[in-house]
Amino acid sequence: NTIIINELSDVANNTAPIGGGGYFNSVIDLRVTDASFFENKANLGGGLYVIDSTVDIKRTMFVGNDAQTITLQQDDIDDEVAEPGYGGGLYMWSSDGTVADCRIKGNYTSGSGGGIYVAGNPAYFWPESVSSPEFNNCLITDNTAYIDGGGISANWYAEPTITNCTVANNETVRAESLGGGLFASYASNVTVKDSIIWENIAANGAQVAVSSGNMYEPYPSTIDITYSDVRTELEDGEYGAPIDADGLPVIRPGFNQNTLAANDDESTDLVDIGFPIDFFGTTYTGLYVNNNGNVTFDLPLWEFTPFGLTERLGMPIIAPFFGDVDTRGEGSELVKYSYGAGVIDGYNAFGVNWVNVGYFASHTDKLNSFQLIIIDRSDRGSGFFDVEFN
C-alpha cells in the first residue's frame, strides 16, 4: 500500500498516545513531501510514528513536537500514559527508507531521542529485525531529551546511516544523561559520513555516546564516523570548546618533493594532480600552483589584490589563504608541492605547502604557514575528491 502526504499538509496541535501528528503501521510506501509537523504530542513519536514501514520523507519540518507523559480526556475520565517519551520529532521502529532535506528542530522527549528515535526489533519481540533508515542532508538542531540522544537516539539493532547532516545545539538534561548529539545502544551500529556534530550538551558524551545497554546482559554498539566535524568536549567538562590549534601538528608531513623558486607573484607550469577530479562539472588532471596561496586549473594566477574571488576571476580556483605571499626575503621558506608524497587515511593525495612564507615586499618579520591537500575519493564516484585547508 502507498500513502502520500504532500505539501498541502500542515499537521499541528494534535495529541495521541502514539504518533501525535501521525501513526503508520506496515506501510509499504509512505511518502511525505514538503509537509510540516508542528507542536504535536504523544508518548511515542510526538511528530510522527512509523513502524514496520518503508518511508520516503523529503523537505519536511518536524518542529516543536513533544514525546512525554500525556493525559487524554474522554467522557470525563483522565487516562494518563505515564511511560517516558521516545522520539520527540520522529519515531521509527523496524522501518527503512530515506529521510532527506528535512529540518528536525526544537522537539522534546522525557526519555530518549529528542529529535529522532530509531529502533529495530529485539529478539524477544519476534521476529528480530534491523532498522536501517538513511538520513541525508538534514538539519537536526535545538532538540532536548531527558535521558539520551538529544538529537538522535539509535537502539535495538538500529543501523541508521547519517550523511551530510548537521546535528547541533541539542542537549540531554538528566544528571547522568548520555549523547547530547548522538546516542547508540542495544546492539546498534550507526554510520556517520560528511556531517557536523557540535555544540551539543550532555553529562556524558556531549557530542556522541555509545552504550551497551543493560549491564547484566550487554548489547555492544558502534558508531563509525568518517569525514565529519565533531567538536569534542574538554576533560574539565567545558562542552563544545574549540580545539587549540597552536598545540597540534596542523600541517600534514610530506608533499614537499617539488619546489617553486623564490618569487613574489609567480606560478608553476601545469603540474599533474595524479588523479582526475570533477570540479563543478569539469574534469581536471592538472593544476597551477600559484605563489599567492591558491591553485587554479585553466590558467596560472599571478595577480594579487584583495578582490573577491567569485566576483573577479572567472576561473576555477581553490585558495586556502589568498594573500600576497613573497618568498624572496631571507628567512622565508619556499612553496613546495607534490603528488603521492603523502597518503591520507589510505587515499592518494596531492598537496601544496606554504610553510613559513613571507609577505610582500620581501618581509619576513611575520611568517604564515598553511597547506592545501586534495584527496582522491574515486571510491565514492568518478572524479570525487576531498579538500583540506590546514
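Letter by letter, the sequence shown follows residues 1 to 390 of full-length UniProt numbering.
The beta-carbon is built from N, C-alpha and C at its ideal position, and this holds for glycine as well.
Note that the structure is a prediction, hence the values are computed from the model and not measured.
Beta strand (DSSP E) containing N294: first to last residue?
On the sequence shown, residue 294 is found 294 positions in, with the first residue counted as 1. Unbroken beta strand (DSSP E) run through N294: 294-296.
Give me the DSSP bridge partner(s) of D224.
Your numbering for residue 224 matches position 224 in the sequence shown. T191.
Using only the alpha-carbon positions, how far apart do A16 and D229 sit?
Here residue 16 corresponds to residue number 16 of the sequence shown, with the count starting at 1. Here residue 229 corresponds to residue number 229 of the sequence shown, with the count starting at 1. Looking at the two C-alpha atoms, the distance is approximately 38 Å.
Relative to the alpha-carbon of G88, which residue among W354, K58, I140 has its alpha-carbon at the smallest distance?
The count along the sequence shown starts at 1 and reaches residue 88 at position 88. Nearest of W354, K58, I140 to G88, Cα basis: I140.
Let's test the definition: count the other Cβ atoms within 10 Å of the Cβ of V387 and tell me whether it reaches 16, buried, or not, exposed.
Stepping through the sequence shown from its first residue, residue 387 is reached at position 387. Label assigned to V387: exposed.
Note the first and the last residue of the continuous beta strand (DSSP E) segment covering Y359.
Counting from 1 along the sequence shown, the entry for residue 359 is found at position 359. Y359 -> beta strand (DSSP E) spans 347-359.
8 Å Cβ cutoff met for F279 and K336:
For this step, residue 279 is matched to residue 279 along the sequence shown. For this step, residue 336 is matched to residue 336 along the sequence shown. Contact: no.
By DSSP's criteria, M61 is part of a beta bridge. Which residues make up the other side?
Position 61 of the sequence shown, counted from the first residue, corresponds to residue 61. Paired residue(s): S36, R103.
Beta-carbon spacing of S195, C165 below 8 Å
Here residue 195 corresponds to residue number 195 of the sequence shown, with the count starting at 1. Here residue 165 corresponds to residue number 165 of the sequence shown, with the count starting at 1. It is a contact, given that the beta carbons lie within the stated cut-off.
Assuming I51 and S94 are in contact, meaning their beta carbons sit under 8 Å apart, how far apart are those beta carbons, in whole angstroms?
On the sequence shown, position 51 is the one that residue 51 refers to. On the sequence shown, position 94 is the one that residue 94 refers to. Their Cβ separation, rounded to whole angstroms, is 6 Å, which keeps I51 and S94 in contact under 8 Å.
Measuring CB to CB, does P152 end up less than 8 Å from G115?
Here the question's residue 152 lines up with position 152 in the sequence shown. Here the question's residue 115 lines up with position 115 in the sequence shown. Contrary to the premise, residue 152 reads as Ile rather than Pro in this sequence. Yes, they are a contact pair.
Using 8 Å as the cut-off, can you tell me whether the stretch 314-334 makes contact with the stretch 348-361, which would need three or more C-beta pairs spanning the two stretches below that distance?
yes
According to DSSP, what are the bridge partners of F183?
In the sequence shown, residue 183 corresponds to position 183, counting from 1. According to DSSP, F183 bridges with S153, A209.
Between which two residues does the beta strand (DSSP E) carrying V50 extend?
Along the sequence shown, read from residue 1 onward, the residue named residue 50 stands at position 50. Here the beta strand (DSSP E) through V50 covers 48-51.
What does the Cβ neighbour count give for E39, buried or exposed, with the cut at 16 atoms within 10 Å?
Your numbering for residue 39 matches position 39 in the sequence shown. E39 comes out buried.
Roughly how many angstroms lie between the CA atoms of I277 and T285, to the nearest whole one?
Within the sequence shown, numbered from 1, the residue matching residue 277 stands at position 277. Within the sequence shown, numbered from 1, the residue matching residue 285 stands at position 285. For I277 and T285, the distance between alpha carbons rounds to 7 Å.
Put L178 into one of helix, strand or coil per three-state DSSP.
Position 178 of the sequence shown, counting from 1, holds the residue named residue 178. If DSSP states are grouped into helix, strand and coil, L178 belongs with the strands.
Between which residues of its own chain and G274 is the CB-CB distance below 7 Å, once the five residues before and five after are set aside?
Counting from one through the sequence shown, the residue named residue 274 turns up at place 274. Closer than 7 Å at Cβ, skipping near neighbours: Y339, G340, N348, F350.
Go ahead and pull the three-state DSSP assignment for L309.
Counted from its first residue, the sequence shown places residue 309 at position 309. It is helical.
Report back the beta-carbon spacing between I162 and T191 to the nearest angstrom; my notes put them in contact at under 8 Å.
Residue numbering aside, residue 162 sits at position 162 when the sequence shown is read from its first letter. Residue numbering aside, residue 191 sits at position 191 when the sequence shown is read from its first letter. Indeed they touch by this definition, with Cβ atoms about 7 Å apart.
Contacting residues, own chain, Cβ-Cβ under 6 Å from R103 (five flanking each side not counted)
For the purposes of this step, residue 103 is taken as the residue at position 103 of the sequence shown. Closer than 6 Å at Cβ, skipping near neighbours: M61, L139.
I5 vs V32 beta-carbon contact at 8 Å:
Locating residue 5 in the sequence shown gives position 5, counting from the first residue. Locating residue 32 in the sequence shown gives position 32, counting from the first residue. Result yes, Cβ atoms of I5 and V32 sit closer than 8 Å.
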